[in-house]
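Down below is the structure, laid out as structure tokens.
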Amino acid sequence: MNGQRTFRRLTVHELDAWFGQHPDSLLLDARDAASHARDGLPGSLRLSRENQDALLLKTARKRPILIYCYHGRASQTWARMFADFGFTEVCDLIGGQTALAANPANPPGQPIPPELANWLAHQGFAGPDGRGAHENTPLMVAAWRGTHDMVDALLAHGVILNAVNADGNTALWFACVHGEPAGVERLAGAGLPLDHTNATGATCLMYAASSGKHDIVRTLLALGADPLIRTQDDFTALDMAATLECLELLRPR
59 MNGQRTFRRL TVHELDAWFG QHPDSLLLDA RDAASHARDG LPGSLRLSRE NQDALLLKTA
119 RKRPILIYCY HGRASQTWAR MFADFGFTEV CDLIGGQTAL AANPANPPGQ PIPPELANWL
179 AHQGFAGPDG RGAHENTPLM VAAWRGTHDM VDALLAHGVI LNAVNADGNT ALWFACVHGE
239 PAGVERLAGA GLPLDHTNAT GATCLMYAAS SGKHDIVRTL LALGADPLIR TQDDFTALDM
299 AATLECLELL RPR
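In this note's numbering, the protein residues as written are 59 to 311.
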């Protein structure tokens, strides 16, 4: 819509970095009064129809606003209202209080290890689950570059494993692009699905076969990747094999 302002959606793991960058932010809880009283985030103010006009009219437009609700749906409506009203820094929390409760090992306030924080800053990420070019996450970038210490640090911090980028690829795809079996094994062992299909219906095994990366094909097959999955164009990994080594590995026995 012409003239409509935008707002930003944050994950649980981006909260620390965001609060650190916006110490004067206004935190708004869009749930009912009882829920806010029971487990509202420290410093949060309950947001309702009764006080929305006062907040919209009396809050400085440049003051950062972060809104959360139960599941991250109502907060989007509220965030859009504040953005449309002219507030320049408006965010809402993906998953709301439910996402916070589901991540007890990494609640807001858990410090990011200095080495990881420095790496994230150098890469231009706002936090461990931040997004960069093409919607790539820090885990994707670390896997792509074979930066194993940062992969381990991100996994230990509890980043979202099933995140996908603009092409529908997970971090496991990027480990396959890097081409080191140990990196693939590390992410598969952490729980990334072997047979995830991207926006075109391709799997990591298909990519490895089409790229002639027989070591990665062998690793994925040993881990249990399914060679019979077909793309939207009805091709399997065998159909895509670019080298004799890949063909031999994928040929039915």
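Backbone N, C-alpha and C fix where the C-beta goes; we use that ideal spot for every residue, glycine too.
Assign residue i to buried or exposed, taking buried as 16 or more other Cβ atoms, counted over all protein chains shown, within 10 Å of its Cβ.
i	result
residue 122	buried
residue 153	buried
residue 189	buried
residue 60	Confidence at residue 60 is low in this model, with a pLDDT of 41, below 50, so the placement of that residue should be treated as unreliable; the coordinate-derived value is given next. Exposed, because fewer than 16 other Cβ atoms sit within 10 Å of the Cβ of residue 60.
residue 228	buried
residue 194	buried
residue 223	buried
residue 163	Only weak support is given to the placement of residue 163: the predicted model assigns it a pLDDT of 47, under 50, and the value that follows is read from those uncertain coordinates. Classification of residue 163: exposed, given that the 10 Å Cβ count is below 16.
residue 186	buried
residue 71	buried
residue 120	exposed
residue 87	buried
residue 89	buried
residue 155	buried
residue 82	exposed
residue 247	exposed
residue 146	exposed
residue 160	exposed
residue 135	exposed
residue 157	buried
residue 100	exposed
residue 180	exposed
residue 302	exposed
residue 150	buried
residue 249	exposed
residue 184	buried
residue 137	buried
Between which two residues does the beta strand (DSSP E) containing residue i stretch?
i	result
residue 128	Run containing residue 128: none; DSSP gives neither H nor E here.
residue 225	Where residue 225 is concerned, there is no enclosing beta strand (DSSP E), given that its DSSP letter is neither H nor E.
residue 87	84-87
For residue i, I'd like the list of residues in its chain whose CB is within less than 7 Å of its CB, leaving aside the five on either flank, ordered along the chain.
i	result
residue 309	296
residue 18	An answer regarding residue 18 cannot be provided, because it is not within the stretch 59 to 311 covered by the chain.
residue 141	63, 64, 65 and 148
residue 274	234, 237, 239, 242 and 266
residue 204	236, 238 and 241
residue 253	261, 283, 284 and 287
residue 251	none
residue 200	208, 209 and 212
residue 198	223, 229 and 232
residue 129	153, 154 and 156
Residue i bridges to which residues according to DSSP?
i	result
residue 149	66 and 124
residue 103	86
If I follow the unbroken alpha helix (DSSP H) through residue i, where does it start and stop?
i	result
residue 273	272-281
residue 290	Note, residue 290: premise wrong, no alpha helix (DSSP H); not H, not E.
residue 183	Run containing residue 183: none; DSSP gives neither H nor E here.
residue 255	Premise fails: residue 255 is in no alpha helix (DSSP H) and is neither H nor E.
residue 111	110-116
residue 77	73-79
residue 284	Unbroken run through residue 284: none, as it is neither H nor E.
residue 303	302-308
residue 215	206-215
Output needed for residue i: all residues of its chain with C-beta closer than 8 Å, excluding positions within five of it in sequence on either side, in chain order.
i	result
residue 174	186, 208, 211, 212 and 215
residue 133	88, 125, 126, 127, 150, 151 and 154
Only counting the same chain, and skipping five residues up and downstream in sequence, which positions put a Cβ closer than 6 Å to that of residue i?
i	result
residue 268	298 and 300
residue 114	143
residue 226	256 and 257
Relative to the ligand COA, is the shortest distance from any of its heavy atoms to the C-beta of residue i smaller than 7 Å?
i	result
residue 177	Absence of the ligand COA from the depicted structure is noted, as is the absence of any ligand whatsoever, leaving it without description.
**Request:** Count the CB pairs spanning the segment 167-183 and the segment 66-77 that are closer than 8 Å, and state whether there are at least three.
**Result:** As far as the Cβ criterion goes, the segment 167-183 touches the segment 66-77, which means the pair count is three or higher.
**Request:** Decide if the segment 211-218 is in contact with the segment 97-114; the criterion is three or more beta carbon pairs, one per stretch, under 8 Å apart.
**Result:** no
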